[in-house]
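Enquirer:
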Amino acid sequence: MSWKIFKKQIASVEFNDETKFILGIDIGTKSTKVAIWNVNRKQAELIDMSGGYGNPSIPTVMQYIPENREWVFGEYALLNKGYFEDITIHNILSRLGTKELIDISGKPMNIPSLLSRYIKEVIEMCKNINPNGEVVGVVAAVPDYFSEGAKEELTRAFSMAGLDKALITLMSYRECILRYLNFEEPLNQEENILFIDYGGQQIRGGLIQINPKDEVNVEAESLSFMFDSSLGGKRIDQILKEIFIKFYCNEVGISKTQLTEDILHQIEVFAYQNKSLLFQNYYKRKPTKLYFNFAYPAFQKTVSVEDLDQWIEPFAENIKDFISSLLNKTIYGSIGKEKVQKVIAVGGGFEMNWMKELLENEFTGIPIICPKESEGTVALGACIGAASYLGILPEQMIDLSDRHQLTSDIGIKGIYEKELRFIPLIERNTFWWQKSKPRIFILDLEGRNTLDIPIYKRNEQGEIIPIHTIQLKNLPERPSRTIRLKFSMEFRQYDQIETEIRDCGFGELFPASDFAQKFIIGL
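Sequential numbering of the sequence shown, starting at 5, is according to this note's numbering.
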């Protein structure tokens, strides 16, 4: 049953009822957060997923133990890894749309089927609030630029979990953030908002221009959007793991290559369990004593504030460069910090105070919104969106326009495997700020030193349409099929491509000449 039909059936439902669950779910690559609409306080609130320990998230990990024919989820799966002949599944969201099958005790299972089990478990955890609870509306947050195949499989997973009629929509991270902001302070004026989402898998960010049309409709234009997987929270986890491995090896007197899988796993768990303590003490400028009680004999190491300064400094510099790129690489060129009216910091990375301080130093004098539970901001925004769809909050439509991805392949025609084919130089869905790999072609000019090369675009339907012709003049004079040219394409801005064609030479026989030409192609 579709949610639109279900909405008609629940039109008479009184939502001031604590048994009617309205949820926003953010299944991240590393952790999952769920927000519920509090009917008494009239606001979205994060659910404690840790069973009373005050943690609003659980690891996005699931594990099958063949010995017991049992599934375990979250932190249990993370900590129990290696104690049984288990099958542990990480990063399940990133596998959607891949058609991957995972062997579970001889039975191949697809990703939607596995994910549905995880979703069921998450909903059961939510029912710790009220065992009589019934889910009447869910908005699931999804990464920006989530593929259509991945969306279809995620929707199927919710359906298999019994939530087909309650799933309202899938909502992008950016829209969730905007809905959270709008609930806190209405988006009723033109402004530029910079968001930075520091998650476990990657750091994402962008500049969004808000253009409210009326009380209901808000138009938003994404001026920049970038991501960097090398700066995600997982890199800090890896740094800590490597440092703790060094501590352990130095104490025990062995090399890293002598570590067993069991010890490596215990060090990984140790880093996971002590990460928060390290950064809490770092914020207080206090050293941290670490007890390696899984070692025999157990030993103690002290991590000084200076140690953490040294570990963090290069990482922090990279993040500053990333933030600068968000303003320097907008679709309209570079934008100064003075043009930014508001900054919002979301994601689990901002639970570390040094990240908040970094942002405050970068944007002195500009309002910075750091939600108290930054890790759950996206889930809160999704829940607010669900409440709006159900009519509990005033209807709000946010139309986010985006021109960061190429909608067609751009390339030329050439002979490949003895056939004339379209050869892409920049592929569809490439972000305009990403660099494409150059391609090298061999020319057969039949004695000429000029050549006209048509540039084509190939749309989703496979139609190949000419968009430009470049004229090469004064090419090197060489025998047939000894001219090798390197074609490089990159965007100057979102609607302009700069093409450089350079002579590569032909081995030792014909060294590379100084031939090089550049062209600007408008899209």
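Every residue, glycine too, gets a C-beta built ideally from N, C-alpha and C. Computed from a predicted model, the values in this text were never measured in an experiment.
Buried or exposed: L489, going by 16 or more other Cβ atoms within 10 Å of its Cβ?
Expert: Buried, because 16 or more other Cβ atoms sit within 10 Å of the Cβ of L489.
Enquirer: What ranges does the beta strand (DSSP E) occupy inside the stretch 169 to 193, keeping only unbroken runs of at least 3 residues that lie completely in it?
Expert: You should have 171 to 176.
Enquirer: Suppose contacts are defined by Cβ-Cβ distances below 8 Å. Is A299 in contact with V256 by that definition?
Expert: Against a cut-off of 8 Å, the Cβ pair of V256 and A299 comes out as a contact.
Enquirer: Please state whether the Cβ-Cβ distance between F491 and R443 is less than 8 Å.
Expert: Closer than 8 Å, so yes.
Enquirer: Would you report the Cα separation of E317 and P63, rounded to the nearest angstrom?
Expert: So the two alpha carbons sit approximately 28 Å from each other.
Enquirer: Once you ignore the five residues that flank R432 on each side, which residues in its own chain have a CB closer than 7 Å to its CB?
Expert: Correct list, in chain order: L410, T411, S412 and D413.
Enquirer: State yes or no: is the C-beta of A516 within less than 8 Å of the C-beta of G509?
Expert: It is a contact, given that the beta carbons lie within the stated cut-off.
Enquirer: I'd like to check one pair, Y498 with R407: are the Cβ atoms closer than 8 Å?
Expert: For R407 and Y498, yes; Cβs fall inside 8 Å.
Enquirer: Less than 8 Å between the beta carbons of V222 and L191, yes or no?
Expert: Yes, the Cβ-Cβ distance between V222 and L191 is below 8 Å.
Enquirer: Name the DSSP bridge partner or partners of W41?
Expert: BP columns for W41 point to A48.
Enquirer: Exposed or buried, K461, counting other C-beta atoms within 10 Å across all chains shown (16 or more means buried)?
Expert: Burial call: buried.
Enquirer: Looking at the secondary structure, which residues open and close the alpha helix (DSSP H) in which G389 lies?
Expert: First-last of the alpha helix (DSSP H) with G389: T381 to Y393.
Enquirer: With DSSP as the reference, label K217 as helix, strand or coil.
Expert: DSSP places K217 in coil when its eight states are reduced to three.
Enquirer: Based on Cα-Cα distance, which residue from D325, L198, E128 and R485 lies nearest to S54?
Expert: S54 has its Cα closest to that of E128, out of D325, L198, E128 and R485.
Enquirer: Which residue comes first and which comes last in the alpha helix (DSSP H) that contains P458?
Expert: P458 -> not in any alpha helix (DSSP H); beta strand (DSSP E) instead, spanning L455 to R462.
Enquirer: So, with DSSP's three-state summary, where would you put E99?
Expert: For clarity, residue 99 is Arg in the given sequence; the question names Glu instead. It is helical.
Enquirer: Ends of the alpha helix (DSSP H) at I108?
Expert: Run containing I108: none in the alpha helix (DSSP H); it sits in the beta strand (DSSP E), L105 to I108.
Enquirer: Any heavy atom of the ligand PLP inside 7 Å of the beta-carbon of A81?
Expert: As presented, the structure is devoid of all ligands, the ligand PLP included, so that no description of it is given.
Enquirer: What does DSSP give as the partner residues of N72 in its beta bridges?
Expert: Paired residues: none, contrary to the question.
Enquirer: Residues in the same chain with beta-carbon distance under 6 Å from S109, minus the five sequence neighbours each way, listed in chain order, please.
Expert: P70, listed in sequence order.
Enquirer: Say whether the stretch 201 to 211 touches the stretch 388 to 400, bearing in mind that this needs 3 or more beta-carbon pairs closer than 8 Å, one atom from each stretch.
Expert: No, they do not touch.
Enquirer: Does the count of Cβ pairs from the stretch 357 to 367 and the stretch 314 to 329 closer than 8 Å reach three?
Expert: Touching, per the Cβ criterion.
Enquirer: To the nearest angstrom, how far is the alpha carbon of E79 from that of D507?
Expert: Answer to the nearest angstrom: the Cα atoms are 56 Å apart.
Enquirer: I'd like to know whether the C-beta atoms of K37 and G380 end up nearer to each other than 8 Å.
Expert: Yes, the pair counts as a contact, with Cβ atoms nearer than the cut-off.
Enquirer: Whole angstroms are fine: how far does the CA of D311 sit from the CA of K250?
Expert: So the alpha carbons of these two residues sit roughly 14 Å apart.
Enquirer: Could you pull out every residue in the same chain whose Cβ sits closer than 8 Å to the Cβ of I459, ignoring the five residues on either side in sequence?
Expert: If we look at I459 and ignore the five residues flanking it on each side, its Cβ neighbours are I414, G415, I416, P470, I471, H472, T473, I474, T503 and I525.
Enquirer: Please list the segments of the alpha helix (DSSP H) lying wholly inside the stretch 260 to 341, counting only runs of 4 or more residues, in order along the chain.
Expert: Runs of the alpha helix (DSSP H) inside the stretch 260 to 341: 265 to 287 and 309 to 332.
Enquirer: For R506, list the residues DSSP reports as bridge partners.
Expert: R506 pairs with K490 and A520.
Enquirer: Going by DSSP, name the residue or residues bridged to L198.
Expert: BP columns for L198 point to L211 and V347.
Enquirer: Going by other Cβ atoms of all chains shown within 10 Å of its Cβ, with 16 needed for buried, is D201 buried or exposed?
Expert: Buried.
Enquirer: In whole angstroms, what is the alpha-carbon distance linking L235 and E423?
Expert: The alpha-carbon atoms of L235 and E423 are separated by roughly 43 Å.
Enquirer: Rounded to the nearest angstrom, what separates V273 and I468 at their Cα positions?
Expert: The straight-line gap from Cα to Cα measures roughly 53 Å.
Enquirer: Assess, as a yes-or-no matter, whether the stretch 145 to 159 is touched by the stretch 87 to 104 under the definition of 3 or more beta carbon pairs within less than 8 Å.
Expert: Yes, since at least three Cβ pairs between the stretch 87 to 104 and the stretch 145 to 159 fall closer than 8 Å, the two stretches touch.
Enquirer: What are the partner residues of Q67, as DSSP defines its beta bridges?
Expert: Beta-bridge pairing links Q67 to V76 and T92.
Enquirer: Could you tell me the distance, in whole angstroms, from the CA atom of L384 to the CA atom of A39?
Expert: Computed Cα separation, rounded: 5 Å.
Enquirer: Taking the DSSP output, what are the residues bridged to L244?
Expert: DSSP output for L244 lists no bridge partner at all.
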